[in-house]
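For reference, the structure is listed below as structure tokens.
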Amino acid sequence: MDIITERETQTPDTRTPVGHRRPRRRRKSRGLIGIFPILGLVGGAAIVWNASQAAFSDQTDNSTSEWKAGSVEIANDRFASAAFTVNNVNSSDIYPTLQLQDTGVVATDRPNAGGSTCIKVTYMGTMTARVKLYADVQDDLAPYLLTSVDHGTNSVETDMGWAQADPECENYVRDTEAPYVFGSANNADFHMTDLPRNFADSNTDVWTAQPGDSRWYRLSWLLPAVPESNDAQGKTAKVKYIWEAQAL
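Residues in the sequence shown are numbered from 223 upward in steps of one, following the numbering used here.
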């Protein structure tokens, strides 16, 4: 009797080809899945630890630094009016020179042949400054006019703010030491056209002014009794006096 085994009964057609076999499914590792949350917790803890470390700090400083620029400010008590306004200028008949005393005005024998006026200049800046006087001189009468400028005080000036303007120099007193800025007490040759025209050229007298300082200036002029003065007929002159302060 022939014995037929189960293996022999399977025909080749019933077997599944190797190329068509279903791939086996691999199981995911549960161990790796569990590691990721743990690593997240560890990383978060490290961040929190670093943040805690940053909270420990220290610093030092000083008070706030500050810079404030100084100021240069100058004014006069006649800023809104001209020093002189003289019509029908005449020449002197007996004074060939401009003559001045310690007080008062220029000596003259004819009206409108000469005159003086006094102006108070005050320095109101916050820093020490050099103050110089110069002038803007125009027109053709200026070469004939003698001029002198000196500085001094006002005998009635008080500490209560601005002293009253003294255009007639009634209370003016000339300084005793080096009072003349331009010209002289007996001036025969310094004319309006000799006045400096800018700060750099004005080196005859330099006033070193402190905050709150003031000076009185006496400005004087004369058309002298000399033959050349006859040629001044019909001519005009314009002069603007300028005080300038520059910080040291």
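Yeah, the Cβ is synthetic: ideal placement off N, Cα and C, and Gly gets one too. Everything numeric in this text was worked out from a predicted model, so none of it was measured.
G374, enclosing beta strand (DSSP E) - first and last residue
By 1-based counting over the sequence shown, the position of residue 374 is 152. Looking at the DSSP string, the run of the beta strand (DSSP E) that includes G374 is L368 to N376.
With DSSP as the reference, label A351 as helix, strand or coil.
Numbered from its first residue, the sequence shown carries residue 351 at position 129. If DSSP states are grouped into helix, strand and coil, A351 belongs with the strands.
Limits of the unbroken beta strand (DSSP E) element including W465
Here residue 465 is taken as the residue at index 243 of the sequence shown, counted from 1. Start and end: K460 to A469.
For K342, report the span of its beta strand (DSSP E) as first-last.
For this step, residue 342 is matched to residue 120 along the sequence shown. G336 to Y345 is the extent of the beta strand (DSSP E) around K342.
If you check the beta carbons only, do D299 and I341 fall under 8 Å apart?
The residue you call residue 299 lines up with position 77 of the sequence shown. The residue you call residue 341 lines up with position 119 of the sequence shown. Yes; because the gap between Cβ atoms is below 8 Å, this pair is in contact.
Give the DSSP-derived three-state secondary structure of N284 in the structure shown.
If you number the sequence shown from 1, residue 284 lands on position 62. Residue state, collapsed to three classes: coil.
Tell me the residue span of the beta strand (DSSP E) that contains S314.
Within the sequence shown, numbered from 1, the residue matching residue 314 stands at position 92. From DSSP, S314 is part of no beta strand (DSSP E); its letter is neither H nor E.
For S406, does the three-state DSSP call read helix, strand or coil?
Position 184 of the sequence shown, counted from the start, is the residue given in the question as residue 406. Residue state, collapsed to three classes: coil.
So the beta strand (DSSP E) R437 belongs to, where does it begin and stop?
For this step, residue 437 is matched to residue 215 along the sequence shown. R437 -> beta strand (DSSP E) spans S436 to L444.
Alpha carbon of A447 to alpha carbon of Y317, nearest angstrom:
In the sequence shown, the residue the question calls residue 447 occupies position 225. In the sequence shown, the residue the question calls residue 317 occupies position 95. Whole-angstrom Cα-Cα distance: 5 Å.
W384 by DSSP, collapsed to three states: which one?
Walking along the sequence shown from the start, residue 384 turns up at place 162. For W384, the predicted structure reports a pLDDT of 49, less than 50, and the residue's modelled location is therefore unreliable. The matter cannot be settled from this model.
Assess contact between the segment 325–341 and the segment 411–426, defined as three or more Cβ pairs (one per stretch) separated by less than 8 Å. Is contact present?
no
On a Cα-Cα basis, can you pick out the residue from L470, T430, T325 and W443 that is closest to N376?
Within the sequence shown, residue 376 is the residue found at index 154, counting from 1. When only C-alpha atoms are compared, the closest one is T325.
T430 in three-state terms, based on DSSP:
In the sequence shown, the residue the question calls residue 430 occupies position 208. Strand.
In whole angstroms, what is the alpha-carbon distance linking Q455 and F306?
Locating residue 455 in the sequence shown gives position 233, counting from the first residue. Locating residue 306 in the sequence shown gives position 84, counting from the first residue. Cα to Cα, Q455 sits roughly 19 Å from F306.
Straight-line gap, T350 to V294 (C-alpha atoms, nearest Å)
Position 128 of the sequence shown, counted from the start, is the residue given in the question as residue 350. Position 72 of the sequence shown, counted from the start, is the residue given in the question as residue 294. Their Cα atoms are separated by approximately 8 Å.
Using a 10 Å radius around the Cβ and a threshold of 16 neighbouring Cβ atoms, would you call P401 buried or exposed?
The count along the sequence shown starts at 1 and reaches residue 401 at position 179. Result: buried.
With DSSP collapsed to three states, give me the class of L261.
Translated into the one-based positions of the sequence shown, residue 261 becomes position 39. The predicted position of L261 is uncertain, since its pLDDT is 49 and thus under 50; no value can be drawn from it.
Measuring CB to CB, does F404 end up less than 8 Å from S370?
Within the sequence shown, the letter at position 182 stands for residue 404. Within the sequence shown, the letter at position 148 stands for residue 370. Against a cut-off of 8 Å, the Cβ pair of S370 and F404 comes out as a contact.
Roughly how many whole angstroms lie between the Cα atoms of A335 and Y463?
Here residue 335 refers to the residue found at position 113 when the sequence shown is read from its first residue. Here residue 463 refers to the residue found at position 241 when the sequence shown is read from its first residue. The alpha-carbon atoms of A335 and Y463 are separated by roughly 20 Å.
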